[in-house]
Each structure stands twice: as C-alpha cells, then as structure tokens.
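In the numbering used here, the protein residues as written are -13 to 170. Just so it is clear, CB atoms sit at the ideal spot from N, CA and C, and this is done for glycine as well. Quick caveat, the model's predicted, so the values are computed rather than measured. Accompanying notes for the structure given below.
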C-alpha cells in the first residue's frame, strides 16, 4: 500500500502520530533536543483530550521557535510545527499528517547529497520509488512503518512508532551536523 493510501485509511491516533513522527524526526533543524516532543507522544499514549494536546503543543512551540530562519529545510520544519492542530479531530490531523509527510520528505530530499530522480516527492508517496536517493528512501520507509504499526497495533504500536522516529531523528541530526561542518 502506498503512503498516500495509508494516510487515507489511518485513524485519528495514527494520523496524529504520523504527523508528530515527521515533526519529531525534523526537530534537529529546529534546535530542539530529543525530549522536546515527548509530552505530545505521551498524550497519544495516555489518551488525553484535545485541550491537553493543545497545551503540550503550545509548550513545544515555545521551546522550538526559530525566528528569522532562511534555510528552506528549517522553514519547512517550522511550518510543520506551526500547522499542527490544537485539536485532534480526524479531519484536522489528516490534513496536518499529509502536509507533514510531504514536508518531511522534501526536507530529506533537500539535505540528501545524492540526487533523487523524481520531479517531486508526490511520486514517492504514491509508491514510485525507482531512482530514490538514500535519505528520502529511508524517510519514506519510516513514514510507512509508523502508519502500518499504528494500524496493526493501535495504541500498543506507539512505542515502535517512537523508536522509528528516534532512529530517524538521529540520522537527520548527523546529516545536519555534517552539513554545518561543511558550510563552516
């Protein structure tokens, strides 16, 4: 099943976790530490209401504010954070999860030193993977795994989704670090 199909079939928790996982993997671009989004992950596991989700989201936004960023990858990551809905209604989180998926793939494409042969990330999300760059391929796999785990295991799949996200964050942190060293 393609990533687009998985997002279309995901439930509210799966969509929120999908969007959160994309954002979590891109936290190194926003200067955040590995624990910055942990309260949001906990809210998905604890089943807290939309008000608590919204409060935890605002706390994260306050800690991850990146004013004046001009780098395209950083801007995309910042937009993911800003677009996160204060509530977790399926319609809201579906739009956010879909946008986060596109943005995260685009960020990985921008940061990959290898060329991706597709004209856009839309083809990747639809399942056309020929000629993919390694960083984009890994991000696509992570997005699919998160959605499949949550579809198959519900709340019990959150731990695995967080593990996948943590792995991706470490990879992106290394890429960002290498990029900074090369530019400086």
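Proximity winner among the options, relative to residue i (alpha-carbon distances)
{"i": "residue -3", "options": "166, 161, 50 and 84", "result": "84"}
{"i": "residue 41", "options": "124, 23 and 58", "result": "23"}
{"i": "residue -10", "options": "39, 127 and 146", "result": "127"}
{"i": "residue -6", "options": "69, 48 and 87", "result": "87"}
{"i": "residue 1", "options": "102, 135, 167 and 21", "result": "135"}
Beta-carbon proximity of residue i to residue j, cut-off 9 Å
{"i": "residue 27", "j": "residue 148", "result": "yes"}
{"i": "residue 16", "j": "residue 50", "result": "yes"}
{"i": "residue 111", "j": "residue 89", "result": "no"}
{"i": "residue 80", "j": "residue 39", "result": "no"}
{"i": "residue 9", "j": "residue 67", "result": "yes"}
{"i": "residue 63", "j": "residue 122", "result": "no"}
{"i": "residue 93", "j": "residue 69", "result": "no"}
Rounded straight-line distance, which links the Cα of residue j to that of residue i
{"i": "residue 76", "j": "residue -8", "result": "14 Å"}
{"i": "residue 97", "j": "residue 34", "result": "35 Å"}
{"i": "residue -1", "j": "residue 72", "result": "14 Å"}
{"i": "residue 105", "j": "residue 46", "result": "33 Å"}
{"i": "residue 160", "j": "residue 82", "result": "26 Å"}
{"i": "residue 30", "j": "residue 131", "result": "17 Å"}
{"i": "residue 155", "j": "residue 120", "result": "15 Å"}
{"i": "residue 99", "j": "residue 91", "result": "14 Å"}
{"i": "residue 139", "j": "residue 169", "result": "43 Å"}
{"i": "residue 133", "j": "residue 3", "result": "8 Å"}
{"i": "residue 137", "j": "residue 6", "result": "16 Å"}
{"i": "residue 125", "j": "residue 153", "result": "10 Å"}
{"i": "residue 141", "j": "residue 32", "result": "9 Å"}
{"i": "residue 167", "j": "residue 37", "result": "41 Å"}
{"i": "residue 101", "j": "residue 18", "result": "28 Å"}
{"i": "residue 146", "j": "residue 25", "result": "16 Å"}
{"i": "residue 21", "j": "residue 165", "result": "23 Å"}
Residue environment, residue i, which counts as buried when at least 16 other CB atoms sit within 10 Å
{"i": "residue 56", "result": "exposed"}
{"i": "residue 143", "result": "buried"}
{"i": "residue 108", "result": "exposed"}
{"i": "residue 129", "result": "buried"}
{"i": "residue 95", "result": "buried"}
{"i": "residue 48", "result": "exposed"}
{"i": "residue 78", "result": "buried"}
8 Å contact criterion, which residue i and residue j should meet: CB distance rounded
{"i": "residue 113", "j": "residue -12", "result": "4 Å"}
{"i": "residue 176", "j": "residue 11", "result": "Only positions -13 to 170 of the chain appear in this structure, which leaves residue 176 out of reach."}
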